[in-house]
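Asks: Heads up: the protein sequence lines correspond to chains A and B, in order. No gaps in the numbering here: position 473 of the first sequence is 473 in our numbering, and each next residue is one more. Positions in the second sequence are counted from 1; adding 1000 to them yields our numbering. No residue lacks a Cβ here, since even glycine has one placed at the ideal position from N, Cα and C.
Protein chains: 2
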Amino acid sequence: MLESLDLDVSLPKEGYKEAFSPLKDRIVEQQRAIVEAERPVLIVFEGMEASGKGDSIRQVVAPLDPRGFKVHLMNSVLTDDERLWPKLRRHWLRTPKRGEIAIYDRSWYMETIMERVDGNMTDSEWSTWIDEVKQFERQLIDGGTILIKFWLHISKKEQRNRFKTREKSAYEGWRVGKDEWKRNKQFVHYIDAADNIIVETDTPYAPWTLVPSTDRRYRRVIVMRTIIETLARALETPPATTAFVNHVPTPYEIRGSEEGTLLDKTNTSVEISRDQYREELDQYQMRLRQLEFGCYAKRLPVILVYEGWDAAGKGGNINRLTQKLDPRGYNVIPISAPQGEEATKHYLWRFWRHAPKAGHFAIFDRSWYGRVMVERIEGFCREDEWKRAYYEINEFERHLADFGTVIVKFWLHISKEEQLRRFEERENNPRKRYKLTEEDWRNREKWDDYNIAVSEMIERTNTNYAPWVIVEGDCKLYARIKTLKTLVHMLEERLKSAN
Amino acid sequence: MLESLDLDVSLPKEGYKEAFSPLKDRIVEQQRAIVEAERPVLIVFEGMEASGKGDSIRQVVAPLDPRGFKVHLMNSVLTDDERLWPKLRRHWLRTPKRGEIAIYDRSWYMETIMERVDGNMTDSEWSTWIDEVKQFERQLIDGGTILIKFWLHISKKEQRNRFKTREKSAYEGWRVGKDEWKRNKQFVHYIDAADNIIVETDTPYAPWTLVPSTDRRYRRVIVMRTIIETLARALETPPATTAFVNHVPTPYEIRGSEEGTLLDKTNTSVEISRDQYREELDQYQMRLRQLEFGCYAKRLPVILVYEGWDAAGKGGNINRLTQKLDPRGYNVIPISAPQGEEATKHYLWRFWRHAPKAGHFAIFDRSWYGRVMVERIEGFCREDEWKRAYYEINEFERHLADFGTVIVKFWLHISKEEQLRRFEERENNPRKRYKLTEEDWRNREKWDDYNIAVSEMIERTNTNYAPWVIVEGDCKLYARIKTLKTLVHMLEERLKSAN
């Protein structure tokens, strides 16, 4: 596509000011409209060096209210620190909140193009990454983000000329070095890779705008007008909902829970003796500590997800699991309803934030699965949102797993009777009473709804790269040993094959 | 996901008839509604052998009007003949027309799972194929198809029991042989691959319904109810349109054609002498004939697309190109407005039909690009449809190219003045008059619109796997040599690297 771009288009000097000036007023209006509509906006500027990204961004933001936008300079070669996390994370972290405009000076594209041309990215890695980029963009857009992608394009010769001019400039001379000249020589290879990824990611939901950037005036006007028009059109329609996703009923919408759900079939009352517990607890805790060092040495990140009924014993279970671990190696992240900044962003944003870095454990006490449990049942999100979430969650975990993350998800399962027993015990014990809230009782009334939602969740998100483990929990001792044992075995397996 | 499926669910015998009977009436109503709404419906049944696909299909179609459905038995191991075309073609050809229900007994999934487990499908092939499957399903759904995918699931043990029962049956004994028992032994490998592809293709627009199929009654009711519910919900909304695609204006919607389009910049008046023409024509035609044999020997399929202005000389050009070819090796496919069956199917269907088989040439005189030219300009399709088409076309060509197809697309370009000259010549020449219609004059009035649409089309669909070549056509002799020469060079290159 880049090859066919007419790079000779230009705008005459006369009349330019008159043409550009009203665009500034219009973009200011659009910014206000965005704030009012609470829509996040993400604008990506990509292109080879000296193609005018910096100037474009300056032109766009000049008229804007600076409290409403953020410019992010994304280095194309990842720092050592950034390499400790899955690649998308740094891009996710900078995604705009509602009503905000985030402008990316380079993005998830150039880093890939560079790695493809300079590094040793295999065909398979290249296409997996393109897949993940498409999923990322689709998730943002499904979440209401308005995404605009520009590729500013110049010819090899034009780049050379601009480098030469820069070299002579007192202010900009430092920006042209050996690397820049080397890339100019290999210009065609970068453009080949760029063209390839542009074709693949020119999706109906996130199309590219290719901008011939030889002429500065022309580029400025096109960029400005494209942003203005895109925002205007996007604001005409509410945050996009994919109509399809509501068409197909979920299995439990069809079969109900009469024949018993996945959870109903689990016998929650398995027990072990206190003696056996003491012995095994010690043994597995010690082993886990060794494995924690193993993961650190091999740079394996580990994610544990704890979900379960109220009073199922998540807290105590996590305590026993971490008791002998080196505390520098793990984080426990308690999750409740999103607050503050979290509430202004895509629901997955805060989980990307807490993704563990290579060699570390992240233990989530409740998690992103809230989307398909409490948010579904309480109506905190729309039907299309929770239905889509199964898919988004599988993609999210897949991205982490592709980076090498070990993921285990525990559902702590107790019977309805056992829950009642524990609620009553808490009520009658002054030291435990604080643990029991009105909400717990209200949730209990919705046991059947949760029963269905959880069974459906486990069925749809139990993958070989991020398996669910149902932990029979009426006997807390048994449950603690089972989670420890499961984790120990999984890590042993993974460390065996790690190199 | 399959692992977590509760395979023990069942329905009691008593009450079953009363539960199932009304479903038959409802599906009959839905069939009528489908016909009325002119929606194509595609239902996929997948699962291991003896999982109840045949019985499910029988149950579903029993109450239906047989004129309104077709059942397609899709073999999982491709025949030698089927291997001469890209894999998706046989599935595309059977897609339902509007108002029709197509039921696939196995589909594009099991062939892949088998190849993955039994054959030597690399990771990269596996993920490319999954990508293409997702694109295929998205294209169908964007085109209005209601797609329902079932995976009927049984355990390895259950399968063994069923095989044993079958072996004893006089009617079904032949259906269990060595291969079946071998696959039963390797059951877990197939399920692993199945689970993997199910997770990847469980998209918001085409989710899977996993059906525990141990109990026959249970399976029947679930399948029937899922179909009925899905159709009911899908019919509530018009054929889905992706809202996003209209948000972002195309480059020419922004810049207009004032500064001149890609086409305007082409000098159409390059010439060659008649002597040079004769010499080169002969030389390149002979060379092309050799290359035709070369392509046949190497089993390379070749697609040529001819597009261009009215009276640009497509017919004469194609004539000269094919003049010395072995006519068994090529087909010329003239494309006009879709008629009859073509008009009842997805717009890409007829082009899949005419895709060349390995070793053959398909020469399209006009093509799928009508979508983004005449259909766009005349309003024969919606804005979201032609905007989405750029993407769909790139995907379509990519699939063909991945199969090894050589694709070249010619735009025969003449100036507006040259077109007028030719129109007048036709008008004044009684033998050529039939070639000129009122429509040609009407199209000419829309020259500017076409100018933009064509420039945009070339910009967005010029890929390295299916490049556009603009052929300067005021001098017909020059144009003929250029197409021949271009093709000869491309085939020489490709045959060099073919093995």
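Is A:R371 closer than 8 Å to A:W386 when the C-beta atoms are compared?
Replies: As a working note, residue 386 of chain A is residue 386 in the first sequence. As a working note, residue 371 of chain A is residue 371 in the first sequence. Taking 8 Å as the Cβ cut-off, A:W386 and A:R371 qualify as a contacting pair.
Asks: In angstroms with no decimal places, state the Cα-to-Cα distance between A:S390 and A:N464.
Replies: For the purposes of this step, residue 390 of chain A is taken as residue 390 along the first sequence, with counting starting at 1. For the purposes of this step, residue 464 of chain A is taken as residue 464 along the first sequence, with counting starting at 1. This sequence places Tyr at residue 390 of chain A; Ser is not what is there. Roughly 15 Å between the two C-alpha positions.
Asks: Expressed to the nearest angstrom, what Euclidean distance is found between the alpha-carbon atoms of A:R278 and A:Q290?
Replies: Position 278 of the first sequence, counted from the start, is the residue given in the question as residue 278 of chain A. Position 290 of the first sequence, counted from the start, is the residue given in the question as residue 290 of chain A. The straight-line gap from Cα to Cα measures roughly 19 Å.
Asks: For A:E385, which residues in chain B fall below 9 Å Cβ to Cβ?
Replies: Position 385 of the first sequence, counting from 1, holds the residue named residue 385 of chain A. By Cβ distance, chain B contributes nothing, its closest Cβ being about 10 Å from A:E385, past 9 Å.
Asks: The beta strand (DSSP E) with A:H413 in it runs from where to where?
Replies: Locating residue 413 of chain A in the first sequence gives position 413, counting from the first residue. Unbroken beta strand (DSSP E) run through A:H413: 406-413.
Asks: A:D365 bridges to which residues according to DSSP?
Replies: Indexing the first sequence from 1 puts residue 365 of chain A at position 365. Paired residue(s): A:Y306, A:P334.
Asks: Report yes if the C-beta distance between B:K1298 and B:L1084 is below 8 Å; otherwise report no.
Replies: To locate residue 1298 of chain B, count along the second sequence from 1; it is residue 298. To locate residue 1084 of chain B, count along the second sequence from 1; it is residue 84. No, they are not a contact pair.
Asks: Which one of B:V1188, B:T1203, B:V1009 has the shortest CA to CA distance from B:Q1135?
Replies: Counting from one through the second sequence, the residue named residue 1135 of chain B turns up at place 135. Looking at the Cα atoms, B:T1203 is the closest of the given residues.
Asks: Based on the DSSP output, what are the partners of B:Y1104 in its beta bridges?
Replies: Position 104 of the second sequence, counting from 1, holds the residue named residue 1104 of chain B. B:Y1104 pairs with B:V1044, B:H1072.
Asks: So what does DSSP say about A:H153, is it helix, strand or coil?
Replies: Within the first sequence, numbered from 1, the residue matching residue 153 of chain A stands at position 153. In the structure shown, A:H153 sits in a strand (DSSP, three-state: E or B).
Asks: So A:W411 and A:W468 are supposed to be a Cβ contact under 8 Å. How far apart are they, rounded?
Replies: To locate residue 411 of chain A, count along the first sequence from 1; it is residue 411. To locate residue 468 of chain A, count along the first sequence from 1; it is residue 468. Rounded, the Cβ-Cβ distance is 6 Å, consistent with contact.
Asks: Between the region 407-424 of chain A and the region 294-312 of chain A, can you find at least three pairs of beta-carbon atoms closer than 8 Å?
Replies: Output reads yes: the region 407-424 of chain A touches the region 294-312 of chain A.
Asks: Would you kindly report the start and end of the unbroken alpha helix (DSSP H) that includes A:L210?
Replies: Here residue 210 of chain A corresponds to residue number 210 of the first sequence, with the count starting at 1. Looking at the DSSP string, A:L210 is not in any alpha helix (DSSP H); the run it does join, the beta strand (DSSP E), is 208-212.
Asks: For A:A479, collect the residues of the same chain with a Cβ closer than 7 Å to its Cβ; drop the 5 residues on either side in sequence, then sort them by chain order.
Replies: Counted from its first residue, the first sequence places residue 479 of chain A at position 479. Within the same chain, A:A479 has close Cβ partners G313, N317, L412, V471, E472, G473.
Asks: Have a look at A:K185 and A:D118 and give me their C-alpha separation to the nearest angstrom.
Replies: On the first sequence, position 185 is the one that residue 185 of chain A refers to. On the first sequence, position 118 is the one that residue 118 of chain A refers to. In a straight line, the C-alpha of A:K185 is about 13 Å away from that of A:D118.
Asks: Please report the residue range of the beta strand (DSSP E) in which A:E472 lies.
Replies: Here residue 472 of chain A is taken as the residue at index 472 of the first sequence, counted from 1. Its beta strand (DSSP E) spans residues 468-472.
Asks: Would you verify that the beta carbon of B:E1009 is, or is not, closer than 8 Å to some beta carbon of chain A?
Replies: Taking the first residue of the second sequence as 1, we reach residue 1009 of chain B at position 9. It should be pointed out that residue 1009 of chain B corresponds to Val in this sequence rather than to Glu. Closer than 8 Å: yes.
Asks: With a threshold of 8 Å on Cβ separation, who are the neighbours of B:D1195 within its own chain once the five nearest residues in sequence on each side are excluded?
Replies: Within the second sequence, residue 1195 of chain B is the residue found at index 195, counting from 1. Closer than 8 Å at the Cβ level, and outside the excluded window around B:D1195, lie M1001, L1002, E1003.
Asks: Per the DSSP calculation, B:L1147 is bridged to which residue(s)?
Replies: As a position in the second sequence, residue 1147 of chain B is number 147, starting the count at 1. BP columns for B:L1147 point to B:L1042.
Asks: Have a look at A:E38, A:H489, A:W309, A:F20 and flag the residue whose alpha-carbon is nearest the alpha-carbon of A:Q283.
Replies: Within the first sequence, numbered from 1, the residue matching residue 283 of chain A stands at position 283. The residue with the shortest Cα to Cα distance from A:Q283 is A:H489.
Asks: In chain B, which residues lie less than 8 Å from A:V245 when you measure between Cβ atoms?
Replies: Here residue 245 of chain A corresponds to residue number 245 of the first sequence, with the count starting at 1. By Cβ distance, chain B contributes P1204, Y1205, P1207.
Asks: Buried or exposed, going by whether 16 or more other CB atoms sit within 10 Å of the CB of B:M1048?
Replies: If you number the second sequence from 1, residue 1048 of chain B lands on position 48. B:M1048 is buried by the Cβ-count criterion.
Asks: Measuring only the C-alpha atoms, how far is B:S1213 from B:L1064?
Replies: In the second sequence, counting from the first residue as 1, residue 1213 of chain B sits at position 213. In the second sequence, counting from the first residue as 1, residue 1064 of chain B sits at position 64. Each residue's alpha carbon lies about 23 Å from the other.
Asks: Short of 7 Å in beta carbon distance, which residues of its chain neighbour A:L140, apart from the five on each side in sequence? Order them along the chain.
Replies: Start at 1 with the first residue of the first sequence, and residue 140 of chain A comes out as number 140. Excluding residues within five positions, the ones whose Cβ falls inside 7 Å are L42, T95, L147, H346.
Asks: Take the Cβ of B:T1045 as the centre, count every other Cβ of all protein chains shown within 10 Å, and call the residue buried at 16 or more, exposed below.
Replies: Numbered from its first residue, the second sequence carries residue 1045 of chain B at position 45. Position check: residue 1045 of chain B holds Phe in this sequence, whereas Thr was assumed. Buried, since its Cβ has 16 or more Cβ neighbours within 10 Å.
Asks: One question on the structure: do B:T1261 and B:E1418 come within less than 8 Å of each other, judged by their Cβ atoms?
Replies: Walking along the second sequence from the start, residue 1261 of chain B turns up at place 261. Walking along the second sequence from the start, residue 1418 of chain B turns up at place 418. No, these two residues do not count as a Cβ contact at 8 Å.
Asks: Tell me, which residues are paired with A:T463 by DSSP?
Replies: Translated into the one-based positions of the first sequence, residue 463 of chain A becomes position 463. Answer is A:A466, bridged to A:T463.
Asks: Kindly list, in the order they appear in chain A, the residues whose Cβ is closer than 8 Å to that of B:D1195.
Replies: Sequence index remark: in the second sequence, residue 1195 of chain B carries index 195 (1-based). Per Cβ cutoff of 8 Å: T463, N464.
Asks: May I have a chain-ordered list of the alpha helix (DSSP H) segments no shorter than 4 residues that lie completely inside the region 1086-1136 of chain B?
Replies: Within the region 1086-1136 of chain B, the complete alpha helix (DSSP H) runs of at least 4 residues are 1089-1093, 1110-1118.
Asks: Could you round the C-beta distance between A:D310 and A:D440 to whole angstroms and report it? I think they count as a contact, below 8 Å.
Replies: The sequence position of residue 310 of chain A within the first sequence is 310, counting from 1. The sequence position of residue 440 of chain A within the first sequence is 440, counting from 1. With a Cβ gap of about 5 Å, A:D310 and A:D440 count as contacting.
Asks: Which first and last residues belong to the alpha helix (DSSP H) in which A:V28 is found?
Replies: Along the first sequence, one-based indexing puts residue 28 of chain A at 28. Segment 16-37, the alpha helix (DSSP H) holding A:V28.
Asks: Tell me the residue span of the alpha helix (DSSP H) that contains B:T1322.
Replies: Locating residue 1322 of chain B in the second sequence gives position 322, where the first residue counts as 1. First-last of the alpha helix (DSSP H) with B:T1322: 1314-1322.
Asks: Count the other C-beta atoms from every protein chain shown that fall within 10 angstroms of the C-beta of B:W1108, then say buried if there are 16 or more, exposed otherwise.
Replies: Counting from 1 along the second sequence, the entry for residue 1108 of chain B is found at position 108. Flag for B:W1108 reads buried.
Asks: Compute the distance between the beta-carbons of A:M506 and A:A453, then report whether it is under 8 Å.
Replies: The structure shown does not extend to residue 506 of chain A, since chain A spans only 1 to 499, so no value can be given for it.
Asks: Within 10 angstroms of the Cβ of B:Y1190, are there 16 or more other Cβ atoms? Answer buried if so, exposed if not.
Replies: Taking the first residue of the second sequence as 1, we reach residue 1190 of chain B at position 190. Under this definition B:Y1190 is a buried residue.
Asks: B:W1468 versus chain A: which residues are under 8 Å apart at the beta carbon?
Replies: Residue numbering aside, residue 1468 of chain B sits at position 468 when the second sequence is read from its first letter. Per Cβ cutoff of 8 Å: S4.
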